[in-house]
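In what follows, a structure is listed as structure tokens, so that the remarks can point back to it.
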Amino acid sequence: MLLLAHGLHLVFHRYQLQGTDHKYDPRPFPRQGRVFTFGNQLHDNMFWAIASGVTVWSGYEALIWWSMANGLAPVLTWAENPVWFVAIFFLIPIWESFYFYWIHRLLHAGLFYRFHALHHRNTDIGPWSGLSMHPVEHLFYFGTIFVHFFLPTHPVHLICHLMFYGLYAIITHTGFEGVWAGGRKRLHLGNFHHQLHHRYFEVNYGTLEVPWDKLFGTFHDGSAKAKDMMRERIARRRNQP
Numbered sequence: 112m113l114l115l116a117h118g119l120h121l122v123f124h125r126y127q128l129q130g131t132d133h134k135y136d137p138r139p140f141p142r143q144g145r146v147f148t149f150g151n152q153l154h155d156n157m158f159w160a161i162a163s164g165v166t167v168w169s170g171y172e173a174l175i176w177w178s179m180a181n182g183l184a185p186v187l188t189w190a191e192n193p194v195w196f197v198a199i200f201f202l203i204p205i206w207e208s209f210y211f212y213w214i215h216r217l218l219h220a221g222l223f224y225r226f227h228a229l230h231h232r233n234t235d236i237g238p239w240s241g242l243s244m245h246p247v248e249h250l251f252y253f254g255t256i257f258v259h260f261f262l263p264t265h266p267v268h269l270i271c272h273l274m275f276y277g278l279y280a281i282i283t284h285t286g287f288e289g290v291w292a293g294g295r296k297r298l299h300l301g302n303f304h305h306q307l308h309h310r311y312f313e314v315n316y317g318t319l320e321v322p323w324d325k326l327f328g329t330f331h332d333g334s335a336k337a338k339d340m341m342r343e344r345i346a347r348r349r350n351q352p
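Taking my numbering, the leading residue of the sequence shown gets 112, the next gets one more, and so forth.
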């Protein structure tokens, strides 16, 4: 968390080595304001990401390891089925995309949004925004790993699962399209799809590995047409008895 999130923060926001080139929101990050814990967006994000995010992440990982060691979660070894052992690495992003879409939509429901609202303090985002969440949301967010209680896997699958899920949130919240040098994009980092979610709140709940948003009518590509469709969908929902 410290190496990746703060490394990206230093490069893009503290020292602004790329200026505002290919930054989604031209306004400066971080911001000040009473909406943030300690009155500072960066300190707010760091506190919640470390104190809550890393704690829940680590606790869940230890729980599954303990469960595997004590026969409460099924374990798969390379010797038993090497093909399936390798296949699981490719299935992890698909499962996480599916899980994230639906748990994210749940967190936008009235009862749960009170917790998710902490994450949405970030209308302009930076790397530390990715895992800046309420502890209750972290319990839901990292709940993706409970699939290991039902699907035989190996401890190395669990490590990759949580590393992918946790670090992906940091990378997609850089606020920049990527690292550019010599007029070319050398490394893709940001995610315009999710940037629009932070702007409009009720669109783009999922990721782009699987187009769940397109399948369920919540996709927004930043165009005026997509904005009109979003407004119509919200209006229809509000008019329902």
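Just so you know, even glycine gets a beta-carbon here, dropped at the ideal spot from N, CA and C.
Check whether residue i and residue j have beta carbons under 7 Å apart
i, j, result
"F223", "L217", "yes"
"D235", "D332", "no"
"L153", "T285", "no"
"F140", "H117", "no"
"V167", "F226", "no"
"I270", "L115", "no"
"F330", "D324", "yes"
"A162", "I175", "no"
"L187", "H265", "yes"
"T283", "H299", "no"
Length of the line joining the Cα atoms of residue i and residue j
i, j, result
"I199", "Y279", "18 Å"
"G293", "V314", "34 Å"
"H215", "N156", "19 Å"
"V321", "I205", "7 Å"
"P246", "A160", "9 Å"
"F287", "Q143", "20 Å"
"H308", "G182", "41 Å"
"A335", "M341", "10 Å"
"A337", "G328", "10 Å"
"S240", "M112", "12 Å"
"V122", "R348", "42 Å"
"A173", "F251", "17 Å"
"F211", "G277", "12 Å"
Among the options, nearest to residue i - alpha-carbon criterion
i, options, result
"W316", "S240, A337, F209", "Note on residue identity: the sequence assigns Tyr, not Trp, to residue 316. Selected option, being the one with the closest Cα: F209."
"F303", "R297, G289, K296, R295", "G289"
"Q127", "Y171, G237, V194", "G237"
"L326", "W213, H219, N233, A190", "W213"
"M244", "R344, T131, I345, F158", "F158"
"N192", "A346, R297, P263", "P263"
Supposed close pair residue i, residue j - CB separation, criterion 8 Å
i, j, result
"F312", "H231", "7 Å"
"H259", "G164", "Wrong, their Cβ atoms sit about 19 Å apart, outside the cutoff."
"I256", "H272", "6 Å"
"I203", "F275", "6 Å"
CB contact below 7 Å: residue i versus chain B
i, result
"F209", "Included in the structure is just one protein chain, with no chain B present."
Q: Run through the region 190–256 for me and flag every whole alpha helix (DSSP H) of 4 or more residues, listed as ranges in chain order.
A: 193–218, 221–227, 246–252
**Q.** Complete runs of the beta strand (DSSP E) confined to the region 288–324 [at least 3 residues]
**A.** Annotation: the region 288–324 contains the following complete segments of the beta strand (DSSP E) (minimum length 3 residues), in chain order: 289–292, 295–299.
Q | Whole runs of the alpha helix (DSSP H) within the region 121–181, excluding any shorter than 4 residues | A | 152–158, 166–180
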